[in-house]
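Asks: Sharing a structure with you now.
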Amino acid sequence: MLDLNEIRRDPNRIKSALAKRGLDVDFGELLAVDEEYRRSQMRLEQARAERKKVSGRVSELRRSAQPDEILVDQLRGQSQTLGEQIAELEKRAEALSASRQEMLDGLPNIPDDDVPAGGKEANKVVRGSGEPPQPGFVALDHVTLAENLGLVDYKRGVKLGGNGSWIYTGVGAQLEWALLNYFVQTHIHDGYTFILPPHLLTGEAGYAAGQFPKFVEDVYVVERDEQGAPSKFLLPTSETALVSIHRDEILRVDDLPLRYFAYSPCYRKEIGGYRTHERGTLRGHQFDKVEMFQVTTAEQSDAALEELLGKAEALVQGLGLHYRISLLAAGDTSASMTKTYDVEAWIPSIGQYLEVSSVSNSRAYQARRAKIRYRRADGTLSFAHTLNASGLATSRLLPAIIEQNQQADGSVVVPHVLRAWVPERIGPNPK
RNA sequence: GGAGAGGUCGCCUAGUGGCCUAGGGCGCCGCACUGGAAAUGCGGUUUGGCGCAAGCCAUCGAGGGUUCAAAUCCCUCCCUCUCCGCCA
Numbered sequence: 000m001l002d003l004n005e006i007r008r009d010p011n012r013i014k015s016a017l018a019k020r021g022l023d024v025d026f027g028e029l030l031a032v033d034e035e036y037r038r039s040q041m042r043l044e045q046a047r048a049e050r051k052k053v054s055g056r057v058s059e060l061r062r063s064a065q066p067d068e069i070l071v072d073q074l075r076g077q078s079q080t081l082g083e084q085i086a087e088l089e090k091r092a093e094a095l096s097a098s099r100q101e102m103l104d105g106l107p108n109i110p111d112d113d114v115p116a117g118g119k120e121a122n123k124v125v126r127g128s129g130e131p132p133q134p135g136f137v138a139l140d141h142v143t144l145a146e147n148l149g150l151v152d153y154k155r156g157v158k159l160g161g162n163g164s165w166i167y168t169g170v171g172a173q174l175e176w177a178l179l180n181y182f183v184q185t186h187i188h189d190g191y192t193f194i195l196p197p198h199l200l201t202g203e204a205g206y207a208a209g210q211f212p213k214f215v216e217d218v219y220v221v222e223r224d225e226q227g228a229p230s231k232f233l234l235p236t237s238e239t240a241l242v243s244i245h246r247d248e249i250l251r252v253d254d255l256p257l258r259y260f261a262y263s264p265c266y267r268k269e270i271g272g273y274r275t276h277e278r279g280t281l282r283g284h285q286f287d288k289v290e291m292f293q294v295t296t297a298e299q300s301d302a303a304l305e306e307l308l309g310k311a312e313a314l315v316q317g318l319g320l321h322y323r324i325s326l327l328a329a330g331d332t333s334a335s336m337t338k339t340y341d342v343e344a345w346i347p348s349i350g351q352y353l354e355v356s357s358v359s360n361s362r363a364y365q366a367r368r369a370k371i372r373y374r375r376a377d378g379t380l381s382f383a384h385t386l387n388a389s390g391l392a393t394s395r396l397l398p399a400i401i402e403q404n405q406q407a408d409g410s411v412v413v414p415h416v417l418r419a420w421v422p423e424r425i426g427p428n429p430k
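Here numbering that gives the first Met the number 0 is used: position 412 in the first sequence is 411, and no number is missing along the way.
See below:
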């Protein structure tokens with residue numbers, strides 16, 4: 000959620016910042032509703048103050064030795080009339096507030112100044128590991144490789160979970176688990192606190208992270224309340240859970256930054272049909288991800304973003320993968336974020352880099368929704384900044400690893416960092 | 001899932017319709033006393049909104065209702081605890 004006071008103060012600055020996302024926002028209606036709301040709220044408060052006075056006098060009179068019944072009745076009538084007015088004003092103020100909130104909720108975050116304007120095509124490659132390597136043999140794609148080596152059972156996965164599901168089998172499961180172990184170990188070593196969150200989250204958690212109301216269609220809703228609003232849903236990323244850990248809390252500034260990481264499967268509907276380019280485990284309804292997360296002060300968040308990017312990059316490097324880092328353009332940056340770097344692994348078979356980590360700063364946007372605040376040294380309260388970064392999405396790494404590390408004989412060399420859990424070499428399997 | 005007991009300002013607690021604009025204790029922050037401290041005394045200490053300010057309004061788990069007036073009475077929901085049932 001954006002700061003309403005900012006919008007009041009300088010709507011044009013925010014309008015031009017959002018234009019970088021390709022949005023033409025008109026704050027006219029929002030500001031009109033806001034003013035109308037405040038006007039009616041003021042009248043409401045006056046009416047309530049008045050009623051308080053009147054019923055206070057009733058109380059006073061009734062405690063006196065000889066209450067003037069006529070006056071009491073008169074005051075009661077007055078208070079009742081005020082009560083009717085109050086009810087009406089309340090209804091009006093509530094409606095205005097709801098409509099103001101709805102408009103506010105629909106606004107995405109303001110991109111940082113150094114984020115390029117435009118859509119995907121304007122993404123900027125920041126750095127990487129150079130030209131993609133060329134194998135000296137006919138390389139297989141990850142689906143064929145994984146099948147040959149018995150790492151993933153795609154067919155039976157569909158039998159079990161339908162389209163968008165797979166089964167990790169044998170060494171494939173070991174490899175997936177080894178990746179998780181590697182990440183967990185690294186983050187613990189770096190002083191991050193390990194979190195295993197519930198996978199079933201409440202609607203409040205969905206709102207706080209920015210999932211609801213705008214992106215309800217993307218998640219699996221398991222339970223709805225009487226109004227039909229989602230009350231329990233499966234997390235699409237553990238970030239959704241992490242944001243809510245300190246929801247409605249006032250943190251001590253000395254405790255910041257808070258550094259967390261979580262593992263969970265991610266459940267997504269992924270509406271849309273790009274299956275042709277994203278076969279196998281590249282995009283499914285459920286995938287594994289380790290997520291890093293920080294809660295910082297306003298001053299710390301820029302440094303925190305670089306720290307998280309550095310960590311994600313180090314993990315990819317640790318795996319020996321060919322990769323690159325992109326700074327996403329405003330239009331490609333998710334709604335809740337001001338700035339996002341993608342760490343992308345090279346997938347030879349499709350000749351593309353695919354995101355294995357998304358490193359983002361939400362600044363106060365999520366914190367404002369989640370009411371995560373901290374007390375500054377001077378006693379004033381500020382909204383915290385929240386940042387998140389995959390570290391990493393394992394289900395996308397497996398294809399990158401087996402494709403990039405395949406040998407001429409059809410076997411795969413396992414990265415050093417995983418050899419505590421997986422044999423040094425997988426295959427070749429006899430045909 | 002069933003039965004019962006509860007949810008009050010960081011923590012503990014008082015409060016069963018009207019000086020509750022929520023009292024007290026602990027903790028915390030000032031100030032005084034002190035060589036310094038302890039103890040003591042005085043003052044302050046939820047959060048949000050509106051207002052230049054004085055101040056006003058809301059907030060006693062959430063939402064409805066009764067009433068001139070609700071922390072207090074009624075209804076629904078959420079959560080916690082105890083017991084039972086079920087179960088990794």
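The beta carbon of each residue, even a glycine, is placed where N, CA and C say it ideally should be.
#1: Assuming TYR352 is part of the beta strand (DSSP E), what are its boundary residues?
#2: Considering only residues of the same chain and omitting the five flanking positions on each side of ILE249, which have a CB-CB separation below 7 angstroms?
#3: DSSP puts HIS384 in a beta bridge; with which residues?
#4: Could you tell me whether the stretch 169-182 touches the stretch 214-233, where touching means 3 or more Cβ pairs closer than 8 angstroms?
#5: Pull up the DSSP beta-bridge partners for ILE13, would you.
#6: Helix, strand or coil: which one does DSSP assign to GLN285?
#7: Apply the 10 Å Cβ neighbour rule to LYS154 and answer buried if 16 or more other Cβ atoms are within range, or exposed otherwise.
#8: Quick test of the definition: if touching needs 3 or more C-beta pairs under 8 angstroms, does the stretch 237-256 touch the stretch 347-356?
#9: Counting C-beta neighbours from all protein chains within 10 Å, is the total for PHE260 16 or more, i.e. buried, or is it exposed?
#10: By the 10 Å Cβ neighbour count, where 16 or more other Cβ atoms means buried, how is ARG258 classified, buried or exposed?
#11: How about the stretch 22-38 and the stretch 75-86: do they share at least three Cβ pairs that are nearer than 8 angstroms?
#12: For ASP67, which residues from the same chain have a beta carbon less than 8 angstroms from its beta carbon, with the 5 sequence-adjacent residues on both sides left out?
#13: For LEU29 and ILE13, which I take to be in contact (beta-carbon distance under 8 angstroms), what is that distance rounded to the nearest angstrom?
#14: Run the proximity test for GLN226: is its beta-carbon closer than 6 angstroms to any non-hydrogen atom belonging to the ligand ADP?
#15: Measuring alpha carbon to alpha carbon, tell me which of THR239, PRO235, ASP189 ends up nearest GLU203.
#16: Does ALA204 come out as helix, strand or coil in the three-state DSSP assignment?
#17: Does MET336 pass the burial test, meaning 16 or more other C-beta atoms within 10 Å, or should it be called exposed?
#18: So, are the CB atoms of THR432 and PRO256 less than 7 angstroms apart?
#19: Closer than 8 angstroms by C-beta to ASP217: which residues in its own chain qualify, once you throw out the five before and the five after it? Chain order, please.
#20: Give me the DSSP bridge partner(s) of GLY439.
#21: Identify every run of the beta strand (DSSP E) within the stretch 387-418, keeping only runs that are complete inside it and at least 3 residues long; order them along the chain.
#22: Excluding the five sequence neighbours on either side, which residues of its own chain have a C-beta within less than 6 angstroms of the C-beta of ASP140, listed in chain order?
#23: Give me the DSSP bridge partner(s) of TRP165.
#24: Determine, using beta carbons only, whether ALA388 and ALA297 come nearer to each other than 7 angstroms.
#25: Using the C-alpha atoms, what's the distance from GLU120 back to ASP111?
#26: Please name the residue or residues paired with TYR191 in a DSSP beta bridge.
#27: Evaluate PRO422 with the Cβ neighbour count: other Cβ atoms within 10 Å of its Cβ, from every protein chain shown; 16 or more gives buried, anything less gives exposed.
#28: Can you give, in chain order, each stretch of the alpha helix (DSSP H) that sits fully within the stretch 203-282 and has at least 4 residues?
#29: Of the residues ARG50, GLY117, VAL57, ALA228, which one's Cα is nearest the Cα of ALA86?
#30: Taking the alpha helix (DSSP H) that LEU60 falls in, what are its first and last residues?
#31: Can you find the residues in the same chain that come closer than 6 angstroms, C-beta to C-beta, to TYR273, ignoring five residues on each side of it along the sequence?
#32: In chain order, which continuous runs of the beta strand (DSSP E) of length 3 or greater are located wholly inside the stretch 101-155?
#33: Taking the beta strand (DSSP E) that LYS338 falls in, what are its first and last residues?
#34: Can you tell me which of ALA177, VAL114, ARG47 puts its alpha carbon nearest to the alpha carbon of THR332?
#35: What's the C-alpha gap between ASN428 and LYS213?
#36: Which residue marks the beginning of the alpha helix (DSSP H) containing ARG375, and which one marks its end?
Replies: Checking against the coordinates, here is how it stands:
#1: Taking the first sequence and counting its residues from 1, the one referred to as residue 352 is at position 353. In the DSSP annotation of this structure, the continuous segment of the beta strand (DSSP E) that includes TYR352 starts and ends at 351-362.
#2: Here the question's residue 249 lines up with position 250 in the first sequence. Cβ within range, chain order: ARG372, TYR373, ARG374, LEU380.
#3: Residue 384 sits at position 385 when you count from the first residue of the first sequence. According to DSSP, HIS384 bridges with THR295.
#4: Contact check between the stretch 169-182 and the stretch 214-233: fewer than three CB pairs, one atom from each, fall below 8 angstroms, which does not count as touching.
#5: Position 14 of the first sequence holds residue 13. None; ILE13 has no bridge partner.
#6: As a first step, residue 285 must be located in the first sequence, where it is residue number 286. Residue state, collapsed to three classes: strand.
#7: Reading the first sequence from its first residue, position 155 is the one you call residue 154. Exposed, because fewer than 16 other Cβ atoms sit within 10 Å of the Cβ of LYS154.
#8: Cβ pair count under 8 angstroms is below three, so no.
#9: In the first sequence, residue 260 corresponds to position 261, counting from 1. Residue environment: PHE260 is assigned as buried (16 or more neighbouring CB atoms within 10 Å of its CB, all protein chains considered).
#10: The residue you call residue 258 lines up with position 259 of the first sequence. Under this definition ARG258 is a buried residue.
#11: No, the stretch 22-38 is not in contact with the stretch 75-86.
#12: The count along the first sequence starts at 1 and reaches residue 67 at position 68. Within the same chain, and ignoring the five residues on either side of ASP67 in sequence, the residues whose Cβ sits closer than 8 angstroms to its Cβ are LEU60.
#13: As a working note, residue 29 is residue 30 in the first sequence. As a working note, residue 13 is residue 14 in the first sequence. With a Cβ gap of about 11 angstroms, LEU29 and ILE13 do not count as contacting.
#14: With respect to small molecules bound, the structure shown includes none, and the ligand ADP cannot be examined in it.
#15: As a position in the first sequence, residue 203 is number 204, starting the count at 1. Residue nearest to GLU203 within the set THR239, PRO235, ASP189 is THR239 (criterion: CA-CA distance).
#16: Residue mapping note: residue 204 aligns to position 205 of the first sequence, counting from 1. Correct three-state label for ALA204: helix.
#17: Position 337 of the first sequence, counted from the first residue, corresponds to residue 336. By the neighbour-count definition (other C-beta atoms within 10 Å, threshold 16), MET336 is a buried residue.
#18: This structure leaves residue 432 out entirely; the chain is present only between 0 and 430.
#19: To locate residue 217, count along the first sequence from 1; it is residue 218. Same-chain partners within the cutoff: GLN210, PRO235, ARG267, LYS268, GLU269, ILE270.
#20: Given that the chain is displayed from residue 0 to residue 430, the structure contains no residue 439 and the question cannot be resolved.
#21: For the stretch 387-418, not a single whole beta strand (DSSP E) run of length 3 or above is found.
#22: To locate residue 140, count along the first sequence from 1; it is residue 141. These residues qualify, in order along the chain: SER348.
#23: Counting from 1 along the first sequence, the entry for residue 165 is found at position 166. None; TRP165 has no bridge partner.
#24: Here residue 388 refers to the residue found at position 389 of the first sequence. Here residue 297 refers to the residue found at position 298 of the first sequence. Not in contact: ALA388 and ALA297 (Cβ atoms no closer than 7 angstroms).
#25: Reading the first sequence from its first residue, position 112 is the one you call residue 111. Reading the first sequence from its first residue, position 121 is the one you call residue 120. Roughly 18 angstroms separates the two Cα atoms.
#26: Counting from one through the first sequence, the residue named residue 191 turns up at place 192. DSSP lists no partner for TYR191.
#27: Counting from 1 along the first sequence, the entry for residue 422 is found at position 423. PRO422 sits exposed, since fewer than 16 C-beta atoms from the chains shown fall within 10 Å of its C-beta.
#28: Taking only runs of at least 4 residues, the alpha helix (DSSP H) segments lying wholly in the stretch 203-282 are 238-242.
#29: As a position in the first sequence, residue 86 is number 87, starting the count at 1. With distances taken between Cα atoms, ALA86 lies closest to ARG50.
#30: Working through the first sequence from its first residue, we reach residue 60 at position 61. Segment 27-62, the alpha helix (DSSP H) holding LEU60.
#31: Residue 273 sits at position 274 when you count from the first residue of the first sequence. Legend: pLDDT at TYR273 = 48, less than 50; position of this residue unreliable, no value from coordinates given.
#32: If you keep only unbroken beta strand (DSSP E) runs of at least 3 residues inside the stretch 101-155, you get 123-127.
#33: Along the first sequence, read from residue 1 onward, the residue named residue 338 stands at position 339. Looking at the DSSP string, the run of the beta strand (DSSP E) that includes LYS338 is 338-346.
#34: Stepping through the first sequence from its first residue, residue 332 is reached at position 333. Nearest neighbour of THR332 by Cα position, chosen from ALA177, VAL114, ARG47, turns out to be VAL114.
#35: Sequence index remark: in the first sequence, residue 428 carries index 429 (1-based). Sequence index remark: in the first sequence, residue 213 carries index 214 (1-based). Answer to the nearest angstrom: the Cα atoms are 48 angstroms apart.
#36: Position 376 of the first sequence, counted from the first residue, corresponds to residue 375. According to the DSSP assignment, ARG375 belongs to no alpha helix (DSSP H), since it is labelled neither H nor E.
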